[in-house]
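Below you'll find the structure, written out as structure tokens, and then a few comments.
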Amino acid sequence: MSVSEDRLKGITGFVATVECGNFTAAAERLHLTSSAVSKSVARLEARLGSRLFERTTRSLTLTDAGQAYYDTCTRVLSELAEAESVLAAQRTIPVGRLRVAVPHTFGRLHVMPLLNHFCQQHPDMQLNLSFSDRFVDLFEEGVDVAVRIGGPGNYPPSLAVRYLGCERLIFCASPDYLAQHGTPQSLEELEQHRAIVYDRIDGSTSPWHVTSPDGRVTTRTVPHRMALGDGEAQRAAVMAGLGVAQMATWLMEEQLTRGELVPFLPELTVPGLPLYVVWPRRKQLTPKVDALLGALDALRIE
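Here it is in structure tokens:
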């Protein structure tokens, strides 16, 4: 038995005796015999080398040393009870810190509103949120949960993955641009227009994805007027009437609704990249991760 365990021996019997006033009542509370409680207190006094009670045939009275020891014991037991309550709550209530990694633009537009609401619902949670379009190493960088657009076809067994759907890519332009240059009626006409493309993190530009006559989705690299390494900047350039673009619908939902961007050639709409939530499998059962995963389910793309 360790020193700390040895120091805790006899405290329960001693505290019960003080609070009940005698060994008999303390024994009833603890479901022990009166002799067992009396011997427990006697062993405690022997170990401490100090008398805790003044004993008479009719009563027990705390000595000064006994009173001081009782005050300390009740404080310690209270702190232990509080610590156990906190640990019990952590098994059911989301508390603590989570490090979350999200893509730049999708994270700002769609993940942040969910996380703001999540933090309002769980005031004892603290989130560290990083924005990056690169696929971070969750273990090396200490990330608890990552939202990813695209990624490897398969993940290692150490990572749990939840598929949330696939983005849709459509062609669009501003009303002013289409009024000035005309609305493309075919892929061949579209290729004659000014393209605004996405500049990838590796330095390449994102090609157009189109459906071939046999139904396969193929890629086509097109001459471009602008290449922008930020989705919102690409959208702004299209809204300014500088050209046409193929973009994911999640990037321009509000602009499409308000008529600030106009879709065309709907038959060329194709699936884009898949959306995933990824986390270390060993953290799957913690309440804080479970709660966050539940909140991120609202990102599902139908």
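Going by my numbering, the sequence shown opens with residue 1, and the numbers climb by one from there.
Beta carbons are placed, not taken as given, at the ideal position from N, Cα and C, and that holds for glycine.
Completely contained alpha helix (DSSP H) runs for the stretch 146-209, where each covers 4 or more residues: List check, alpha helix (DSSP H) in window: 175-181 and 187-190.
Whole angstroms are fine: how far does the CA of A81 sit from the CA of D133? Taking the sequence shown and counting its residues from 1, the one referred to as residue 133 is at position 133. Taking the sequence shown and counting its residues from 1, the one referred to as residue 81 is at position 81. Rounded to the nearest angstrom, the two C-alpha atoms are 46 Å apart.
On the three-state DSSP scale, how would you describe L228? Here residue 228 refers to the residue found at position 228 of the sequence shown. Strand.
Go through its chain and collect everything with a Cβ distance to V217's Cβ below 8 Å, but skip five positions before and after it. Counted from its first residue, the sequence shown places residue 217 at position 217. Counting only Cβ-Cβ distances below 8 Å, and skipping sequence neighbours, we find H209, V210, T211, V270 and P271.
Coarse secondary structure for M252, derived from DSSP in three states: Position 252 of the sequence shown holds residue 252. Coil.
How do the stretch 126-144 and the stretch 95-103 stand: do at least 3 beta-carbon pairs fall below 8 Å, yes or no? yes
Would you mind giving the Cβ-Cβ distance between L304 and L299, rounded to the nearest angstrom? I have them listed as a contact below 8 Å. Here the chain has residues from 1 to 302 only, and residue 304 is not among them.
Return yes when the Cβ of L242 is within less than 8 Å of the Cβ of R225, no when it is not. Residue mapping note: residue 225 aligns to position 225 of the sequence shown, counting from 1. Residue mapping note: residue 242 aligns to position 242 of the sequence shown, counting from 1. Going by C-beta atoms, R225 is nearer than 8 Å to L242.
Distance, G151 Cα to E84 Cα: Here residue 84 refers to the residue found at position 84 of the sequence shown. Here residue 151 refers to the residue found at position 151 of the sequence shown. A straight line joining the alpha-carbon of E84 with that of G151 spans about 42 Å.
If the criterion is Cβ atoms closer than 8 Å, does the pair T205 and A227 meet it? Sequence index remark: in the sequence shown, residue 205 carries index 205 (1-based). Sequence index remark: in the sequence shown, residue 227 carries index 227 (1-based). Yes, the Cβ-Cβ distance between T205 and A227 is below 8 Å.
Which residue spans inside the stretch 21-102 form an unbroken alpha helix (DSSP H) run of at least 4? 23-30, 34-48 and 64-90
Quick one: measure Cβ to Cβ for V222 and E191, integer angstroms, because I've assumed they're closer than 8 Å. If you number the sequence shown from 1, residue 222 lands on position 222. If you number the sequence shown from 1, residue 191 lands on position 191. So it is a contact: roughly 6 Å between Cβ atoms.
Excluding the five sequence neighbours on either side, which residues of its own chain have a C-beta within less than 6 Å of the C-beta of D124, listed in chain order? Taking the first residue of the sequence shown as 1, we reach residue 124 at position 124. Counting only Cβ-Cβ distances below 6 Å, and skipping sequence neighbours, we find V95.
Tell me the rounded alpha-carbon separation between D144 and L296. Walking along the sequence shown from the start, residue 144 turns up at place 144. Walking along the sequence shown from the start, residue 296 turns up at place 296. Using only the alpha carbons, I get a separation of about 13 Å.
Any idea if M1 is buried or exposed, counting beta-carbon neighbours within 10 angstroms, 16 or more meaning buried? To locate residue 1, count along the sequence shown from 1; it is residue 1. Reliability of the predicted coordinates at M1 is poor, the pLDDT of 43 falling under 50, and the value obtained from them is presented with this limitation in mind. The residue is exposed, with fewer than 16 neighbouring Cβ atoms inside 10 Å.
T286 versus L109 - alpha carbon distance: In the sequence shown, residue 286 corresponds to position 286, counting from 1. In the sequence shown, residue 109 corresponds to position 109, counting from 1. Distance between the alpha carbons of T286 and L109: 27 Å.
So G272 is in the beta strand (DSSP E); what residue range does that whole segment cover? Locating residue 272 in the sequence shown gives position 272, where the first residue counts as 1. Unbroken beta strand (DSSP E) run through G272: V270 to P280.
State the Cα-Cα distance for the pair A195 and E253, rounded to the nearest angstrom. Here residue 195 corresponds to residue number 195 of the sequence shown, with the count starting at 1. Here residue 253 corresponds to residue number 253 of the sequence shown, with the count starting at 1. Those two C-alpha atoms are separated by around 20 Å.
Express the C-alpha separation of D202 and L251 in angstroms, rounding to a whole number. Your numbering for residue 251 matches position 251 in the sequence shown. Your numbering for residue 202 matches position 202 in the sequence shown. Cα-Cα distance, rounded: 21 Å.
Taking the alpha carbon of C73 as the point to measure from, which residue in G10, L293 and L178 has its own alpha carbon closest? By 1-based counting over the sequence shown, the position of residue 73 is 73. With distances taken between Cα atoms, C73 lies closest to G10.
Classify P175: buried if its beta carbon has 16 or more other beta carbons within 10 angstroms, exposed otherwise. Stepping through the sequence shown from its first residue, residue 175 is reached at position 175. Exposed, by the Cβ-count rule.
Nearest by alpha-carbon distance to V111: which of Y276, S78 and P280 is it? Start at 1 with the first residue of the sequence shown, and residue 111 comes out as number 111. Nearest of Y276, S78 and P280 to V111, Cα basis: Y276.
Where does H122 sit, in a helix, a strand or coil, going by DSSP? For the purposes of this step, residue 122 is taken as residue 122 along the sequence shown, with counting starting at 1. In this structure, H122 counts as coil in the three-state DSSP scheme.
If you draw a straight line from the alpha carbon of P157 to that of E167, how long is it in whole angstroms? Numbered from 1 along the sequence shown, position 157 holds the residue referred to as residue 157. Numbered from 1 along the sequence shown, position 167 holds the residue referred to as residue 167. If you take the alpha carbons of P157 and E167, they lie about 25 Å apart.
Three-state class that DSSP yields for P223 in the structure shown: Here residue 223 corresponds to residue number 223 of the sequence shown, with the count starting at 1. Residue state, collapsed to three classes: coil.
Around the Cβ of R148, are there at least 16 other Cβ atoms within 10 angstroms (buried) or fewer (exposed)? The residue you call residue 148 lines up with position 148 of the sequence shown. So R148 counts as buried.
Roughly how many angstroms separate the alpha carbons of D230 and A240, rounded to a whole number? Position 230 of the sequence shown holds residue 230. Position 240 of the sequence shown holds residue 240. If I take the Cα positions, the gap works out to 15 Å.
Taking the C-alpha atoms as reference points, what is the distance between L30 and S40? By 1-based counting over the sequence shown, the position of residue 30 is 30. By 1-based counting over the sequence shown, the position of residue 40 is 40. Their Cα atoms are separated by approximately 12 Å.
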